[in-house]
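*Asks:* This is the structure, below, for whatever I ask next.
Structural data, given as structure tokens:
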């Protein structure tokens, strides 16, 4: 096709697209027509230009389009429909309809959408992840990230820019839809910003173009092939472009036309008004269970888990994690599935130096930029890469709560390995104590949570995890911990032990009561239970490594003793104890439950001092249990 | 004092300070000496220069010093001690000791510390808040924010820069300790960044100085008085400055000297080694309950609550909030306590336009920069300003989880009013559905949570809240909701109703079972209960507006019916239902509990459609209750 033929086609598509955008938003009675109209010419041109195949949307070397401002879903769905991915009538009639895939903000469930967005500022990080995955997987393609101009205010974008420059992600191109309006009005009055200067200050090249001039867009896109720098295209556009009464009106950012206005707009566009047809289709729509299942997104791999390593002396779980991942990297060096570790300036603390030594090109230092690293790691994990992000608890969960939530919504395959959780963080004090990790992860439907008891269980679970799809958080403290032993003095998590997600471990048998523990306090709880045994009080001790998946059988075993203690160095309101209470209710089981946990933000001190201060040392646990047993009798 | 006398004093102080820094970190066996040594000259000079009074640390017009990189606590504590705030021997001997106030990262509990930090990138936002408070309170002072260079990687800093430029916070000065090292090594290799260009691209003036040259620091600080621009001082420093073997060594970022190294360092500094004395003091330290109580930080005010407004027609709670806060602004216009509202480009959705109209100088548009707005609003609320931040649920909680956690640790007085919580967010889809708000807030010890049932309760609780200290989250959906009526058809939350935090409301009496509801589903639950009553099934219906504070009496009333249903448009694992289970366990009460809630991320659709899809419409609720009653009998 010649350029002029192409431009004729784009002009025709654009008229149809603008009609579709306006019709679907009016039909739904909501949505974001303004930005959809300003960006549609960019999107349509992009899909004419990039390497892709609607018949094979998972083509490995396809160019990726990430739309960061997910509210312009009408434009995205329309562009995809006009390029063979969807039926345009279905898009229009089902837009924002419960049970349909055409949600208000774009979702990966829609064929052709690479990344679910909606909360602003995250798209460039995802795009950087895809761009990096191209290099890791040795599959050349280009990545285009379309962004809004209002969202340039989000700080995370600057983090993504820096990462892209550091790693020379030259296959990455950002396109900013510069219509100069956001919900509250002109971007220069809502929040004055020199967008071009911001990007240039981080080392990006910036080209300004007319975002409605197909020839100019096309020739700029030509430059994006085989360039040796990340590029930002600042595309000057007009909100509401194409319908005079909508142009440059901020109110159309997030408001649909009424039916009379739609009639007027379609008349101007020279298109017939089919609203009534679409109303009928909408009324007739039956939600079908046609959504892609989770399996579609699951990492497929056959990574080897290697040989377990037995720890016999007190060791920190961090080192066991570091040793295991280094070994796994070594034995899977030639596996077709790359293993990647990302870091945020804490490599020495989270013990991933050995991994980097084994496979230096698979280790990525993301700097003190947790928001970018969370999203980037999530995106990597969707590209056939087994991705581990290792950080401190408060940085990998608390600081990036929403980024991880969006990863979960994106069906990523991310493994988040967090040290310094609970009170056991050294003397860093309350800002660094992640005592809400269970409370956080239980808010997300897709994430699993594993809390190993000792270095042997850490080793085994990391090896188990190496070929698993889906999202997992693994948490551990900082200190060296005792090896958990059986009654006979041999390691409980020995070489015959196999990790099984959700299975609780009965470390000691007893019938007087049940003690259920998670996290670093297991050492003190075990001491307390063994001491009480010497005093003739036999307690059942259960280690809970997967508090989000406690099964009914374990609960019954605990309930049978009539009294349950939960022990954790976690906020007492939202951790293990509250989950046990919740699960007992769900299973219609009943037993007295005594929760032992953390009742306020901690202080700064050694772990031993802190545990003592909050009643989690062995002596306090023992005394508390004895007291409650007296109360019970 | 002449400049040369001052410089002599600083030179003397600096020797003592460096000895103190090294001694306390060696004594504690941990801490961050490197950055403490590079920044100590800046800090000491600053405290000689600023307007402050150690005898009156709360002096209203004192200049504020915010230290964003809270890990340089040894330098901060030492500078404060040398300036009359603390006993230096106590600082050294108690550093990082459990029960002491001298934590690993600086805390407001330490006299002279304005803001607790530790998680990087938040200090400039707090400083911007203090600078803005100066204008709002009409008390002139300057704000100095000391920052690390590694933390410049954090995106939130760019947000704070833009806010400061927009609002011309000319009393704000940032000082960057540019030692060019972070934990993992040289900042230019960990994450290449042009810090100066970044700040200039956001419109800041930047001056480069030698951060160890007292004369240069002093003369630059002179420029910060009465300037008409925000200024960043890029202070070139040397990590470990003052002890040759420590200089420019990244390993001393977060590692203390051993005792032999300390001896060598003190010898070089010409100071005697008193480590053994300090060991004795440390051993003798007894934690005393000397920490300031929460009351110290509580907002003191006598704002008027005005006259309640009665809603008799379906209205969205958002409008009731907007109307109430506008009325409160009007009647308290001349009160000595300012009422402030902050926004993130959602004013039209969160209904604060009327407030801005009444008091335009008390409304601050923070743009799409939630991280900055969360911290800035928290800081404002510590300055005698009753501060409301209004946003969507996912932006005011999920996106800023860690910022709110740090606000809580900072004992702020923030009121976070969030619309678009639960499934009732319009058709925006899962990224915008805040169905984890209870699960989030229960992780924080200081925050209260209020979920009004209808516009009348919204009006009353906002009026109740207007003079309250402490942190509160108020959440509501988007839609117009029915007015909750008594059996006699008059409004339940009538003009005689007074909001009382923690009190549950019995909307219907009955003995067959108890239905406990929170949030927007109350409308459907009420319909279900009233319909069942017509069928001869009498249920007790309890509205839970404060799920984090359900009292024992209410639980007993519920338990007495033998069967409890919890109903919420919240993640079923972490919301009201799980709290009821938890509270029953805590109170040693027992009853069958059936939880009705949201079991996966939602879809995009009208609230009615979504409620139907997840079984939260009136019909589904009714049928579910009937089924369980049959099972029970």
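Residue numbers (our numbering), protein chains in the order written: chain A, 194 to 826; chain B, 194 to 826. Note that beta-carbon positions come from the ideal geometry of N, C-alpha and C, so glycine has one too.
Within the same chain, show all residues whose beta-carbon is closer than 7 Å to that of residue 573 (chain B), passing over the 5 residues directly before and after it, in chain order.
*Replies:* Cβ within range, chain order: 322, 325, 326, 533, 580.
*Asks:* Hey, residue 229 (chain A) and residue 214 (chain A): beta-carbon distance below 8 Å or not?
*Replies:* Yes, these two residues count as a Cβ contact at 8 Å.
*Asks:* Can you tell me which of the three DSSP states residue 648 (chain A) falls into?
*Replies:* In the structure shown, residue 648 (chain A) sits in a helix (DSSP, three-state: H, G or I).
*Asks:* Taking 8 Å as the limit between beta carbons, can you name the residues of its chain near residue 277 (chain B), skipping five residues before and five after?
*Replies:* Excluding sequence neighbours, residue 277 (chain B) sits near 247, 248.
*Asks:* Per the DSSP calculation, residue 584 (chain B) is bridged to which residue(s)?
*Replies:* Residue 584 (chain B) is bridged to B:611.
*Asks:* Closer than 8 Å, CB to CB, is residue 385 (chain A) near chain B or not?
*Replies:* Yes - at least one Cβ of chain B is within 8 Å of the one on residue 385 (chain A).
*Asks:* Taking 6 Å as the limit between beta carbons, can you name the residues of its chain near residue 568 (chain A), skipping five residues before and five after?
*Replies:* Excluding sequence neighbours, residue 568 (chain A) sits near 315, 318, 319, 596.
*Asks:* Candidates B:311, B:785, B:282, B:379: which alpha carbon is nearest residue 472 (chain B)'s?
*Replies:* Ranking the options by Cα distance to residue 472 (chain B), first place goes to B:282.
*Asks:* Do the segment 674-692 of chain B and the segment 628-639 of chain B make contact, defined as three or more Cβ pairs closer than 8 Å?
*Replies:* Segments in contact, no.
*Asks:* With 8 Å as the threshold, decide whether the Cβ of residue 680 (chain A) is near any Cβ in chain B.
*Replies:* No, because no Cβ of chain B sits closer than 8 Å to the Cβ of residue 680 (chain A).
*Asks:* Which same chain residues end up closer than 6 Å to residue 220 (chain A) when comparing Cβ atoms and leaving out the 5 residues on each side of it in sequence?
*Replies:* Counting only Cβ-Cβ distances below 6 Å, and skipping sequence neighbours, we find 471.
*Asks:* Where are the alpha helix (DSSP H) runs, 4 residues long or more, that stay fully inside the segment 625-693 of chain A, in chain order?
*Replies:* DSSP runs (the alpha helix (DSSP H)) wholly in the segment 625-693 of chain A: 630-634, 648-658.
*Asks:* My guess is that residue 760 (chain B) and residue 789 (chain B) are in contact by the Cβ rule of under 8 Å, so how many angstroms apart are they, rounded?
*Replies:* With 8 Å as the limit, residue 760 (chain B) and residue 789 (chain B) qualify as a contact, their Cβ atoms being about 5 Å apart.
*Asks:* Shorter than 8 Å from the beta carbon of residue 623 (chain A) to some beta carbon of chain B?
*Replies:* Yes, residue 623 (chain A) lies at the interface with chain B (some Cβ there is under 8 Å from its Cβ).
*Asks:* For chain D, is any of its Cβ atoms less than 8 Å away from the one on residue 778 (chain A)?
*Replies:* The structure shown contains no chain D; its protein chains are A and B.
*Asks:* Between the segment 360-377 of chain A and the segment 328-344 of chain A, do at least 3 Cβ pairs fall closer than 8 Å?
*Replies:* The segment 360-377 of chain A vs the segment 328-344 of chain A: in contact.
*Asks:* Mind listing, in chain order, the continuous alpha helix (DSSP H) runs of no fewer than 4 residues lying wholly within the segment 320-366 of chain A?
*Replies:* Whole alpha helix (DSSP H) segments, 4+ residues: 349-359.
*Asks:* Please list the terminal residues of the continuous beta strand (DSSP E) segment that includes residue 425 (chain B).
*Replies:* Looking at the DSSP string, the run of the beta strand (DSSP E) that includes residue 425 (chain B) is 424-429.
*Asks:* For the beta strand (DSSP E) containing residue 144 (chain B), name the first residue and the last one.
*Replies:* Here chain B has residues from 194 to 826 only, and residue 144 (chain B) is not among them.
*Asks:* So residue 427 (chain A) packs on residue 401 (chain A), CB below 8 Å; how close in whole Å?
*Replies:* Right, their Cβ atoms sit about 5 Å apart.
*Asks:* With H, G and I counted as helix, E and B as strand and the rest as coil, what does DSSP make of residue 313 (chain B)?
*Replies:* Looking at residue 313 (chain B) - three-state DSSP - the assignment turns out to be coil, as it is neither helix nor strand.
*Asks:* Provide the residue span of the beta strand (DSSP E) that contains residue 736 (chain A), from first to last.
*Replies:* 733-736 is the span of the beta strand (DSSP E), which, as asked, contains residue 736 (chain A).
*Asks:* Which one of B:564, B:620, B:455, B:294 has the shortest CA to CA distance from residue 279 (chain B)?
*Replies:* Out of B:564, B:620, B:455, B:294, B:294 has the C-alpha closest to the C-alpha of residue 279 (chain B).
*Asks:* Output the residue ranges of the beta strand (DSSP E) runs that lie fully inside the segment 398-455 of chain B and measure 3 residues or longer, sorted by chain position.
*Replies:* Those beta strand (DSSP E) runs which fall completely within the segment 398-455 of chain B and span 3+ residues are 398-403, 424-429.
*Asks:* Is there a Cβ of chain A sitting closer than 8 Å to that of residue 824 (chain B), yes or no?
*Replies:* Closer than 8 Å: no.
*Asks:* Using DSSP's beta-bridge definition, name the partner residues of residue 787 (chain A).
*Replies:* Looking at the DSSP assignment, residue 787 (chain A) forms a beta bridge with A:758.
*Asks:* Closer than 8 Å by C-beta to residue 755 (chain A): which residues in its own chain qualify, once you throw out the five before and the five after it? Chain order, please.
*Replies:* Within the same chain, residue 755 (chain A) has close Cβ partners 706, 784, 785, 825.
*Asks:* Please report how far the alpha carbon of residue 729 (chain A) lies from the alpha carbon of residue 721 (chain A), in whole angstroms.
*Replies:* Straight-line Cα distance between these residues: approximately 12 Å.
*Asks:* Under a Cβ-count criterion, where at least 16 other Cβ atoms within 10 Å of its own Cβ denotes burial, should residue 195 (chain A) be classed as buried or exposed?
*Replies:* With fewer than 16 other Cβ atoms within 10 Å, it is exposed.
*Asks:* Answer yes or no: does any C-beta atom of chain B fall closer than 8 Å to that of residue 379 (chain A)?
*Replies:* Judged by the 8 Å Cβ criterion, residue 379 (chain A) is not in contact with chain B.
*Asks:* Drop a sphere of 10 angstroms on the beta-carbon of residue 589 (chain A), count the other beta-carbons inside from all chains shown, and report buried for 16 or more, exposed for fewer.
*Replies:* When all chains shown are included, residue 589 (chain A) counts as buried.
*Asks:* According to DSSP, is residue 467 (chain B) part of a helix, a strand, or is it coil?
*Replies:* Residue 467 (chain B): coil per DSSP, three-state reduction.
*Asks:* Counting pairs of beta carbons, one from the segment 448-461 of chain A and one from the segment 231-239 of chain A, are three or more of them closer than 8 Å?
*Replies:* Flag = no, the segment 448-461 of chain A and the segment 231-239 of chain A do not touch.
*Asks:* Roughly how many whole angstroms lie between the Cα atoms of residue 768 (chain A) and residue 630 (chain A)?
*Replies:* Roughly 8 Å separates the two Cα atoms.
*Asks:* Does the segment 340-359 of chain A come close enough to the segment 555-562 of chain A that 3 or more CB-CB pairs lie under 8 Å?
*Replies:* Cβ pair count under 8 Å is three or more, so yes.
*Asks:* So, for residue 284 (chain B): in the same chain, excluding its five sequence neighbours on each side, which residues have a beta-carbon less than 6 Å away from its beta-carbon?
*Replies:* Around residue 284 (chain B): 270, 274, 295.
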